[in-house]
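The block underneath contains the structure these notes are about, expressed in structure tokens.
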Amino acid sequence: MIGPDLADVKLLWPELILLTMSLGLILSASRIRKGLKASTATLVAGFASILVYRWPLVEGARAGFGDMIIIDNYSQFFKVLIASALILIVLLSARRVETDNVRAGEYYALLLLASIGMMLAVSSTDLIPLYLGLELTTICSYILVGTTVERRTSNEAATKYFLLSAFTSALLLYGIALIYGTTGSTSFDAVASFFSGTEGGNNKLILMAIGLVVAGLAFKIAAVPFHSWAPDAYEGASAPIAAFLATASKAAGLAVLGRICISAFSEESHLLSLILATMAALSIIVGSIIAISQTNIKRLLAYSSISHAGYALLGLLPGTAEGISATMTYVFIYVFMTLGAFGVVTALGRRGERIDGYEGLARQQPVTALLMLIFLLALTGIPPTGGFIAKFVVILSALNAGYFTLAVLAVACSVVSAFVYLRVAVLMYMKEPQMDEAPGYPIMISAVLLLSALVTVIGGILPSVLNFWEAVP
Amino acid sequence: MTTYPLLTITTFLPFLGAIAVLLFSSQRSARWIALLTTIATLSATAPLYWNFDKSSSDLQFVESVEWIPAWGVSYGLGLDGISLPFVLLAAILSILCVSGSWTAIDTRAKEFYAALLIAETAMIGLFAATNLFLFYVFWELMIIPLFLIIGVWGGPKRIYAAIKFLIFTLSGSVLMLVGMIALYQVSGTLNFKELTIAQFQTEFQVWIFIAFLAAFSVKVPMFPVHTWLPDAHTEAPTAGSVILAGILLKMGAYGFLRISIPILDEALQIFLKPMLIVSVVAIVYGAYVTLVQTDLKRLIAFSSISHMGFVTLGIFTLNQSGVEGAILQMINHGIVSAALFLCVGMIYERTHTREIKDYGGVGKLAPIYSVLLAIFCLAAAGFPGMNAFIGEFLIISGAYETAMWLGVMAIWGVALGSAYIVWLYYRVVMGKTNAKIEGINLELNAREIATLAPLVLLVLYLGLQPDLVLSYLHAPVTELLTTAGVTQ
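Dropping the structure here:
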């Protein structure tokens, strides 16, 4: 088939809704004075895109746009997850947009565009739309990180993020070019059938291409050794944007990696598995150990997100459907517990940025402290929170893939991260308050905290409710 | 049989109480809600006791609901003769924890009682769990409330003690997590009964044994990994020490009985000798270290290491009297050490010192207290007619059956045990009244006497009527030893 069929457009209902809203916001950006209007519009778009996620699926999984895009349970699961993260982040952003004098229309339009990029990427079965989707996301992210123009740290973070990201995007593109050069195609199926042919595994060029593509994607999920941007970017960005990078962006990256593992490179699974295992081990070790010395809570959460990327990668090691579903479970729980933790940071405002701002929080704001405790326990992986279920499934897949030592290493590092997270709990519960009580926070932020806590706890007590085991590609 | 979910109610009643405390109570009424909840929980356990069939080694009051169908994990509760006494012990000690904290906890009482009640849910749930998954959930759930209890309401070095406790116990339990997942991966089930039947290769068993040993040995605590215990027990508030000594230490030993012995029977034979050696080292070393302690709470804490050495010794003799004695001794130690910690807590509340040298002549100032303390000290020393005597006797006779030298070492430990406890009593109660405590009203009030009275009754009653516990143990212990492949 030559050229896209116009009927295929309806496969992308969620994206179209977000796109319409973002264009609308851009066009009316100069007229939007109040942030509230723009945020409400974004929320409506987000909810609408969740509501319509099943429409393209009514006739089962379908490919479109010349087999470049696939709509299946897997893609729709991640689209819903991305849209949910978007909604929660919009709720978190409202106050910051007001106080920091951010131009609301553009801010929300960029958030929407970034989400569209992610949604496109998780639906891709071809390297070209994959690359386009990821680039759309990252370009919007640079601007969002640097969105508070007056703050120097914000500009610095955006510049660093941009330079490193541009470099790894080039790597990814180079990898895609090599794959196209060797196999003559960029679609996942063509790559897979090339590998199943006789010469596939011995071709040094294609092995290098795999390495480059994986490196490019590892940057998006901030896995070691492509992690160094994350702490700086999170620290410089406002807390909601840091949350956006840590949750939605990472979820999309892992989703893409999962699909590539299982469809394009499935024949090379042992090599891929080795690369991923190395990255997972490094991420877990580096993320949990360096987090010990952090005094800025956003940097701490950045290192935490690095180690969590490592845990999530464990699910991809066996290269089976079960393993992918483990990663999906992990990502799902991770998104909500991390959003919750960033939500608390946002709620506390300036005080929430530094780790000693949490001293005595349990006395001043017992409910906030309790919610933070739940998120910290979930990040540590202690039952009965969802973090435990998530850890359980990924370690099971590491064992299924035969990486016994890696599994032991992963849990050993979780003790180190327990020390990191519970240090915050110690400050909250076991120290006397040093600072004046932080002012209350708007009901929108409370809603985010409660919702995240609810998902985190239900994910641990009734994991079957979050049943997405059938959603594997 | 009862038709309503008795064990679920017993397990989660304290949890509901915790929510009620957090939501509805004021700082003052929190303790009343907590007291009512713990008493209600104990009354809920009564039918368990009456309706229990002692002649059977099967699980009773079984409840099973599908929980995570994708993994074949069910929510399963049930009791056998081994777990029943622990559930009762946990329910009784929780009441005493509340009444023992009545005036001692005056800051943030709501959170304190909520944490205490959540800990009770974890304790009861752990002993009632019929599959490893649920066991692990309750095992971990136990850590957090205790971490907070030690760290928020503890003594001067509480934060250090709390973090040390957390790191030690978590390091053990994460290895158990890997062991559990590996068992699941190989056998496809996490149900205790099915795991007992499943066959595993010896080498695999050895690895899994090590993983579980890491978790259990920290909790017991066994010899080289015991160092968290003195800090945690000493710094914790009285109720925290009671739960730690009374229940938490037993969770590890219970884990050996539930998992290591029946499921990993081949690895067990390989590890038997090292385990026995470590146990007698703990008995003797623990007793010597106890002798030189100058802090009341620290002394009792170290004595726990020695006493838990008896328990692991009894378990790994793998004969009927040794194992039964070990289980009985766990209950006994739960009662006696809880009582001793309560006694120390009560006197500390008045004097604000735990140094033994600040005491002396308490007998003249507080005769009732001194009599009660004497009973508990004698019990701890294994005096005939008191509960611990029976347990130690059974363990030592079991040890003699296994190897003569084990019995000799154990008796050495008993002798040292009498020495430190009698010397403690001598220094605190007898002699001239110390100037530092003169003029302080040390005598117990009615609430405190009521707190200790049930423990006195239990000490004497179990000492004269050990069958009260032992009769429940015969059938399940015989069954346990058969599955472990030990010929009688």
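Line by line, the protein sequences give chains A and B.
Sequential numbering from 71 applies to the first sequence in the numbering used here.
Sequential numbering from 6 applies to the second sequence in the numbering used here.
Here a beta-carbon is modelled for each residue, glycine too, at the ideal position from N, C-alpha and C.
Inset, instruction - Would you kindly check if the distance between the Cβ of B/Phe-307 and the Cβ of B/Gln-334 is under 9 Å? - result: Judged by beta-carbon spacing, B/Phe-307 lies beyond the 9 Å limit of B/Gln-334, meaning their Cβ atoms are not closer than that value.
Inset, instruction - Anything in the region 488-499 of chain A with a Cβ closer than 7 Å to a Cβ of chain B? List those residues in chain order, please. - result: Of all residues in the region 488-499 of chain A, the ones placed with a Cβ closer than 7 Å to any Cβ belonging to chain B are Ala-488, Phe-489, Leu-492, Val-496 and Tyr-499, in chain order.
Inset, instruction - Could you round the C-beta distance between B/Ala-268 and B/Leu-200 to whole angstroms and report it? I think they count as a contact, below 8 Å. - result: The amino acid occupying residue 268 of chain B in the given sequence is Ile; Ala does not appear at that position. About 5 Å; that satisfies the 8 Å criterion.
Legend entry - Contact list for A/Asn-470 against chain B, beta-carbon separation under 9 Å: Residues of chain B whose Cβ lies closer than 9 Å to the Cβ of A/Asn-470 are, in chain order, Gln-190.
Inset, instruction - Could you check the C-alpha separation between B/Gly-365 and B/Ala-384 for me, to the nearest Å? - result: Whole-angstrom Cα-Cα distance: 21 Å.
Legend entry - Neighbour flag for B/Phe-152 against chain A, beta carbons, 9 Å: Judged by the 9 Å Cβ criterion, B/Phe-152 is in contact with chain A.
Legend entry - Counterpart residues of B/Tyr-80 in DSSP-defined beta bridges: When beta bridges are read from the DSSP output, B/Tyr-80 appears opposite B/Val-70.
Legend entry - Contact residues within the region 501-526 of chain A, judged by C-beta distance below 9 Å to chain B: Taking 9 Å as the Cβ-Cβ cut-off against chain B, the residues of the region 501-526 of chain A that qualify are Lys-501.
Inset, instruction - Consult DSSP for A/Gly-134 and reduce its assignment to one of helix, strand or coil. - result: DSSP places A/Gly-134 in strand when its eight states are reduced to three.
Legend entry - Completely contained beta strand (DSSP E) runs for the region 214-244 of chain B, where each covers 3 or more residues: Segments of the beta strand (DSSP E) lying fully in the region 214-244 of chain B: there are none.
Legend entry - Distance between A/Ala-309 and A/Ala-334 (C-alpha atoms, nearest Å): If you draw a straight line from the Cα of A/Ala-334 to the Cα of A/Ala-309, it comes to about 36 Å.
Inset, instruction - Report the rounded CA-to-CA distance for B/Ile-426 versus B/Glu-397, giving the unit in angstroms. - result: Whole-angstrom Cα-Cα distance: 16 Å.
Inset, instruction - Kindly list, in the order they appear in chain B, the residues whose Cβ is closer than 8 Å to that of A/Leu-466. - result: Among the residues of chain B, those whose CB is under 8 Å from the CB of A/Leu-466 are Ile-186, Tyr-189 and Gln-190, following chain order.
Inset, instruction - In the DSSP assignment, find the beta strand (DSSP E) that holds A/Ile-141 and state where it starts and stops. - result: Note, A/Ile-141: beta strand (DSSP E), 139-141.
Inset, instruction - For the alpha helix (DSSP H) holding B/Asn-392, just list the boundary residues, first then last. - result: Run containing B/Asn-392: 392-407, per the alpha helix (DSSP H) assignment.
Legend entry - Cβ-based neighbour list, A/Lys-290, same chain, cut-off 7 Å, excluding 5 preceding and 5 following: Contacts found: Leu-204, Ser-319 and Gly-323.
Legend entry - B/Ile-310: first and last residue of the uninterrupted alpha helix (DSSP H) it sits in: Here the alpha helix (DSSP H) through B/Ile-310 covers 301-322.
Legend entry - Beta-carbon spacing of B/Ile-97, B/Leu-478 below 9 Å: Not in contact: B/Ile-97 and B/Leu-478 (Cβ atoms no closer than 9 Å).
Legend entry - Collapsed DSSP secondary structure at A/Ala-196 in the structure displayed: The displayed chain sequence assigns Asp, not Ala, to residue 196 of chain A. A/Asp-196 sits in a strand when the DSSP states are folded into three classes.
Inset, instruction - Can you give me the start and stop residues for the alpha helix (DSSP H) that A/Asp-259 sits inside? - result: Under the DSSP assignment, A/Asp-259 falls in the alpha helix (DSSP H) whose first and last residues are 258-266.
Inset, instruction - Alpha carbon to alpha carbon, how far is B/Gly-177 from A/Gly-529? Give it in angstroms, no decimals. - result: Rounded to whole angstroms, A/Gly-529 to B/Gly-177 spans 25 Å at the Cα level.
Legend entry - Residues bridged to A/Arg-424 (per DSSP): Paired residue(s): A/Asn-366.
Legend entry - C-alpha gap between B/Leu-11 and B/Glu-68, whole angstroms: For B/Leu-11 and B/Glu-68, the gap between their C-alpha atoms comes out near 9 Å.
Legend entry - Minimum Cβ-Cβ distance from A/Ser-534 to chain B less than 9 Å: Chain B contact via Cβ: present.
Inset, instruction - Starting from B/Gln-470, follow the alpha helix (DSSP H) in both directions and report where the run begins and ends. - result: According to the DSSP assignment, B/Gln-470 belongs to no alpha helix (DSSP H), since it is labelled neither H nor E.
Inset, instruction - Give the residues of chain A in contact with B/Ser-176, contact being defined as C-beta atoms less than 8 Å apart. - result: Here the neighbours are Ala-482 and Val-485.
Legend entry - Range covered by the alpha helix (DSSP H) that runs through B/Gln-325: Note, B/Gln-325: alpha helix (DSSP H), 325-356.
Inset, instruction - Give the single residue among B/Gly-83, B/Gly-159 and B/Pro-161 whose Cα lies nearest to the Cα of B/Lys-198. - result: Nearest of B/Gly-83, B/Gly-159 and B/Pro-161 to B/Lys-198, Cα basis: B/Gly-83.
Legend entry - Contact list for the region 60-82 of chain B against chain A, Cβ threshold 7 Å: Residues are counted here when their Cβ sits less than 7 Å from a Cβ of chain A; for the region 60-82 of chain B these are Ile-73, Pro-74 and Ala-75, given in chain order.
Inset, instruction - Check the Cβ-Cβ distances between B/Ile-168 and every residue of chain A, and say whether any is below 9 Å. - result: Interface criterion met: the Cβ of B/Ile-168 is under 9 Å from a Cβ in chain A.
Legend entry - Where A/Asn-470 sits in the DSSP three-state scheme: Look at A/Asn-470 here: in three-state DSSP terms it is helix.
Inset, instruction - Just the C-alpha distance for A/Ile-213 and A/Arg-222, rounded to the nearest angstrom, thanks. - result: Between A/Ile-213 and A/Arg-222, the alpha-carbon positions lie close to 14 Å from each other.
Legend entry - Chain-ordered chain A contacts of B/Leu-180 [CB-CB under 9 Å]: Contact note: B/Leu-180 reaches chain A through Val-478, Val-481 and Ala-482, using a C-beta cutoff of 9 Å and chain order.
Inset, instruction - Anything in chain B within Cβ reach of A/Pro-454, meaning under 7 Å, just list it in chain order. - result: Those are Val-142 and Leu-146, listed as they occur along chain B.
Legend entry - Within-9 Å CB hit, A/Ala-432 to chain B: Chain B places a beta carbon closer than 9 Å to that of A/Ala-432, counting this residue as a contact.
Inset, instruction - Work out the CA separation of B/Leu-180 and A/Val-478 for me, nearest whole Å. - result: Their Cα atoms are separated by approximately 7 Å.
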